[in-house]
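In the UniProt record's numbering, the protein residues as written are 1 to 244.
Okay, here's the thing in C-alpha coordinates:
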(Lines of atoms letter the chains of each structure in order from A and count residues from 1; the text may use other names and numbers.)
(Lines give C-alpha, C1' and ligand atoms only; values in the text may rest on other atoms or scores of the structure.)
Protein backbone atom coordinates (compact mmCIF):
# COMPACT_ATOMS: atom_id res chain seq x y z
CA UNK A 1 0.00 0.00 0.00
CA UNK A 2 1.34 3.45 -0.94
CA UNK A 3 1.95 5.51 2.24
CA UNK A 4 -0.27 8.55 2.61
CA UNK A 5 1.20 12.02 2.94
CA UNK A 6 1.99 13.17 6.45
CA UNK A 7 -0.86 15.11 8.11
CA UNK A 8 -0.39 18.72 9.09
CA UNK A 9 0.49 19.58 12.67
CA UNK A 10 -2.80 21.49 12.99
CA UNK A 11 -4.89 18.51 11.90
CA UNK A 12 -2.98 16.16 14.21
CA UNK A 13 -3.49 18.44 17.20
CA UNK A 14 -7.19 18.93 16.43
CA UNK A 15 -7.93 15.20 16.29
CA UNK A 16 -10.48 13.88 18.78
CA UNK A 17 -10.59 10.10 19.14
CA UNK A 18 -13.95 8.55 20.06
CA UNK A 19 -14.28 4.95 21.21
CA UNK A 20 -17.33 3.43 19.54
CA UNK A 21 -19.18 1.57 22.33
CA UNK A 22 -16.04 2.01 24.39
CA UNK A 23 -12.69 0.28 23.95
CA UNK A 24 -14.23 -3.17 23.86
CA UNK A 25 -12.26 -6.34 23.19
CA UNK A 26 -13.97 -9.72 23.27
CA UNK A 27 -10.60 -11.47 23.37
CA UNK A 28 -9.91 -9.78 26.71
CA UNK A 29 -13.45 -10.26 27.94
CA UNK A 30 -14.23 -6.54 27.74
CA UNK A 31 -17.74 -6.24 26.32
CA UNK A 32 -19.02 -3.24 24.38
CA UNK A 33 -21.00 -0.56 26.21
CA UNK A 34 -19.79 -1.61 29.65
CA UNK A 35 -17.99 0.30 32.36
CA UNK A 36 -14.90 -1.80 31.66
CA UNK A 37 -14.95 -0.77 27.98
CA UNK A 38 -15.30 2.88 28.94
CA UNK A 39 -12.46 2.61 31.45
CA UNK A 40 -10.24 1.16 28.71
CA UNK A 41 -11.16 4.08 26.45
CA UNK A 42 -10.18 6.47 29.22
CA UNK A 43 -6.83 4.69 29.66
CA UNK A 44 -6.28 4.82 25.88
CA UNK A 45 -6.55 8.61 26.02
CA UNK A 46 -9.79 8.88 24.07
CA UNK A 47 -11.45 12.27 23.94
CA UNK A 48 -14.91 10.72 23.90
CA UNK A 49 -17.00 7.58 24.16
CA UNK A 50 -20.03 6.69 22.07
CA UNK A 51 -22.71 4.51 23.61
CA UNK A 52 -26.34 3.52 23.11
CA UNK A 53 -29.28 4.14 25.41
CA UNK A 54 -32.59 2.34 25.90
CA UNK A 55 -35.26 2.68 28.57
CA UNK A 56 -36.53 -0.09 30.80
CA UNK A 57 -40.18 -0.73 31.55
CA UNK A 58 -39.97 1.72 34.45
CA UNK A 59 -38.17 4.30 32.26
CA UNK A 60 -34.64 3.91 33.62
CA UNK A 61 -32.02 4.84 31.00
CA UNK A 62 -29.60 1.94 30.49
CA UNK A 63 -26.64 1.48 28.16
CA UNK A 64 -26.90 -1.32 25.61
CA UNK A 65 -26.77 -1.34 21.83
CA UNK A 66 -29.43 -3.91 21.06
CA UNK A 67 -33.06 -3.66 22.18
CA UNK A 68 -32.69 -7.10 23.76
CA UNK A 69 -30.15 -8.71 26.08
CA UNK A 70 -29.65 -11.72 23.82
CA UNK A 71 -26.43 -11.05 21.88
CA UNK A 72 -24.23 -9.86 24.74
CA UNK A 73 -25.88 -11.29 27.82
CA UNK A 74 -27.51 -14.48 26.49
CA UNK A 75 -30.89 -13.38 27.81
CA UNK A 76 -33.51 -13.33 25.01
CA UNK A 77 -35.66 -10.61 26.53
CA UNK A 78 -36.51 -7.07 25.44
CA UNK A 79 -35.14 -4.32 27.67
CA UNK A 80 -38.38 -2.37 27.57
CA UNK A 81 -40.22 -5.38 29.00
CA UNK A 82 -38.04 -5.43 32.13
CA UNK A 83 -38.02 -3.20 35.16
CA UNK A 84 -34.57 -1.95 36.04
CA UNK A 85 -34.45 -4.22 39.08
CA UNK A 86 -35.24 -7.22 36.89
CA UNK A 87 -32.62 -6.19 34.33
CA UNK A 88 -29.93 -5.76 36.95
CA UNK A 89 -30.63 -9.19 38.36
CA UNK A 90 -30.12 -10.97 35.03
CA UNK A 91 -27.53 -8.64 33.42
CA UNK A 92 -25.65 -6.77 36.15
CA UNK A 93 -23.01 -5.64 33.65
CA UNK A 94 -25.42 -3.29 31.87
CA UNK A 95 -24.69 0.22 33.20
CA UNK A 96 -27.19 3.00 33.68
CA UNK A 97 -26.78 6.40 32.04
CA UNK A 98 -26.38 8.10 35.46
CA UNK A 99 -23.58 5.66 36.34
CA UNK A 100 -21.72 6.50 33.13
CA UNK A 101 -22.18 10.23 33.70
CA UNK A 102 -20.89 10.10 37.27
CA UNK A 103 -17.83 8.08 36.35
CA UNK A 104 -16.74 9.49 33.00
CA UNK A 105 -18.23 12.92 32.26
CA UNK A 106 -15.26 14.70 33.84
CA UNK A 107 -12.71 12.86 31.71
CA UNK A 108 -14.38 12.20 28.35
CA UNK A 109 -17.02 13.70 26.09
CA UNK A 110 -20.20 11.62 26.06
CA UNK A 111 -21.86 10.79 22.74
CA UNK A 112 -25.25 9.40 23.69
CA UNK A 113 -27.06 7.56 20.93
CA UNK A 114 -30.80 7.46 21.49
CA UNK A 115 -32.13 4.20 20.08
CA UNK A 116 -35.79 5.15 20.29
CA UNK A 117 -38.17 7.98 21.16
CA UNK A 118 -37.62 9.20 24.71
CA UNK A 119 -40.48 8.49 27.08
CA UNK A 120 -40.51 11.25 29.71
CA UNK A 121 -38.19 14.02 28.58
CA UNK A 122 -38.25 15.56 32.05
CA UNK A 123 -36.63 12.41 33.39
CA UNK A 124 -33.85 12.67 30.80
CA UNK A 125 -33.35 16.33 31.71
CA UNK A 126 -32.96 15.33 35.34
CA UNK A 127 -30.44 12.60 34.51
CA UNK A 128 -28.37 14.97 32.35
CA UNK A 129 -28.67 17.94 34.70
CA UNK A 130 -25.07 17.59 36.01
CA UNK A 131 -23.59 18.04 32.52
CA UNK A 132 -23.86 20.68 29.81
CA UNK A 133 -25.11 20.06 26.24
CA UNK A 134 -22.41 20.47 23.55
CA UNK A 135 -19.72 21.14 26.17
CA UNK A 136 -19.95 17.76 27.89
CA UNK A 137 -22.18 15.68 25.65
CA UNK A 138 -23.99 15.35 22.34
CA UNK A 139 -26.91 13.20 21.30
CA UNK A 140 -26.74 10.87 18.29
CA UNK A 141 -29.69 9.40 16.40
CA UNK A 142 -30.17 7.38 13.25
CA UNK A 143 -33.62 8.93 12.78
CA UNK A 144 -34.22 12.69 13.24
CA UNK A 145 -37.80 11.93 14.32
CA UNK A 146 -36.36 10.72 17.64
CA UNK A 147 -35.29 14.29 18.40
CA UNK A 148 -38.90 15.45 18.43
CA UNK A 149 -39.13 13.81 21.84
CA UNK A 150 -36.34 15.95 23.35
CA UNK A 151 -37.34 19.42 22.18
CA UNK A 152 -36.05 21.12 25.33
CA UNK A 153 -32.43 20.30 24.47
CA UNK A 154 -30.58 22.61 22.05
CA UNK A 155 -30.58 21.40 18.46
CA UNK A 156 -26.85 22.04 18.27
CA UNK A 157 -26.43 19.16 20.72
CA UNK A 158 -28.29 16.79 18.38
CA UNK A 159 -26.26 15.02 15.68
CA UNK A 160 -27.57 12.90 12.82
CA UNK A 161 -25.97 9.54 12.04
CA UNK A 162 -26.25 8.75 8.34
CA UNK A 163 -26.10 5.35 6.68
CA UNK A 164 -25.51 4.27 3.09
CA UNK A 165 -28.68 5.64 1.52
CA UNK A 166 -29.35 8.91 3.34
CA UNK A 167 -26.12 10.89 3.78
CA UNK A 168 -27.12 13.56 1.26
CA UNK A 169 -30.58 13.88 2.78
CA UNK A 170 -29.28 14.04 6.35
CA UNK A 171 -26.77 16.74 5.46
CA UNK A 172 -29.61 18.76 3.97
CA UNK A 173 -31.84 18.19 7.01
CA UNK A 174 -29.05 19.17 9.39
CA UNK A 175 -28.32 22.36 7.48
CA UNK A 176 -31.97 23.31 6.93
CA UNK A 177 -33.19 22.53 10.44
CA UNK A 178 -30.18 23.65 12.44
CA UNK A 179 -29.01 20.38 13.92
CA UNK A 180 -25.49 20.10 15.28
CA UNK A 181 -24.00 18.16 12.40
CA UNK A 182 -23.70 14.79 10.68
CA UNK A 183 -21.68 11.65 11.33
CA UNK A 184 -21.19 8.70 9.03
CA UNK A 185 -18.96 6.34 7.12
CA UNK A 186 -15.82 7.99 5.77
CA UNK A 187 -16.72 6.96 2.21
CA UNK A 188 -20.11 8.67 2.40
CA UNK A 189 -18.97 11.87 4.08
CA UNK A 190 -17.35 13.35 1.00
CA UNK A 191 -15.19 16.46 0.92
CA UNK A 192 -17.98 18.48 -0.69
CA UNK A 193 -20.38 17.55 2.12
CA UNK A 194 -17.75 18.34 4.72
CA UNK A 195 -17.31 21.77 3.12
CA UNK A 196 -21.05 22.47 3.41
CA UNK A 197 -21.17 21.46 7.07
CA UNK A 198 -18.00 23.36 7.90
CA UNK A 199 -19.29 26.55 6.29
CA UNK A 200 -22.44 26.27 8.44
CA UNK A 201 -20.30 25.77 11.58
CA UNK A 202 -21.68 22.26 12.02
CA UNK A 203 -19.86 19.22 13.31
CA UNK A 204 -18.83 16.26 11.19
CA UNK A 205 -17.15 12.99 12.04
CA UNK A 206 -16.37 9.64 10.48
CA UNK A 207 -16.08 5.98 11.31
CA UNK A 208 -14.49 3.72 11.47
CA UNK A 209 -10.79 4.52 11.70
CA UNK A 210 -9.08 1.18 12.30
CA UNK A 211 -5.61 1.48 10.73
CA UNK A 212 -2.72 3.93 10.61
CA UNK A 213 -3.40 4.45 6.93
CA UNK A 214 -7.03 5.24 7.70
CA UNK A 215 -5.98 7.65 10.43
CA UNK A 216 -3.69 9.50 8.03
CA UNK A 217 -6.44 9.60 5.39
CA UNK A 218 -8.93 11.29 7.69
CA UNK A 219 -6.39 13.62 9.29
CA UNK A 220 -5.37 14.75 5.82
CA UNK A 221 -9.03 15.57 5.14
CA UNK A 222 -9.16 17.70 8.27
CA UNK A 223 -11.56 15.40 10.12
CA UNK A 224 -11.39 15.97 13.87
CA UNK A 225 -14.05 13.58 15.17
CA UNK A 226 -12.66 10.09 14.59
CA UNK A 227 -14.71 7.07 15.66
CA UNK A 228 -12.93 3.77 16.15
CA UNK A 229 -13.53 0.21 17.29
CA UNK A 230 -9.82 -0.12 18.07
CA UNK A 231 -9.19 2.69 20.50
CA UNK A 232 -5.99 1.35 22.01
CA UNK A 233 -4.17 0.90 18.69
CA UNK A 234 -5.40 4.10 17.05
CA UNK A 235 -4.81 5.98 20.30
CA UNK A 236 -1.16 4.91 20.26
CA UNK A 237 -0.76 6.01 16.64
CA UNK A 238 -2.31 9.38 17.42
CA UNK A 239 -0.24 9.96 20.56
CA UNK A 240 2.94 9.15 18.63
CA UNK A 241 1.98 11.74 16.01
CA UNK A 242 1.19 14.34 18.64
CA UNK A 243 4.54 13.80 20.40
CA UNK A 244 6.63 14.20 17.25
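Cβ atoms here follow ideal geometry from the backbone N, Cα and C, with glycine treated the same way.
By DSSP, does residue 32 sit in helix, in strand, or in coil? coil
Neighbourhood of residue 177 by C-beta distance below 8 Å, restricted to the same chain and skipping five residues each side: 144, 155
Does DSSP classify residue 176 as helix, strand or coil? helix
Does DSSP classify residue 106 as helix, strand or coil? coil
How would you label residue 93, buried or exposed, when you count the other beta carbons within 10 angstroms and need 16 or more for buried? exposed
I'd like the list of long-range same chain contacts for residue 70, defined as Cβ closer than 7 Å, with 5 residues on each side in sequence excluded. 76
C-alpha distance - residue 205 paired with residue 223, whole-angstrom precision: 6 Å
Which residue or residues does DSSP assign as beta-bridge partners of residue 205? 183, 225
Chain-order list of residues whose beta-carbon lies under 6 Å from that of residue 95 (same chain, five-residue window excluded): 35, 63
Over the uninterrupted beta strand (DSSP E) stretch that includes residue 61, give me the two end residues. 61 to 63
Reducing DSSP to helix, strand and coil, say where residue 50 ends up. strand
Could you check what DSSP says for residue 76 in three-state terms: helix, strand or coil? strand
CB of residue 209 within 7 Å of CB of residue 188, strictly: no
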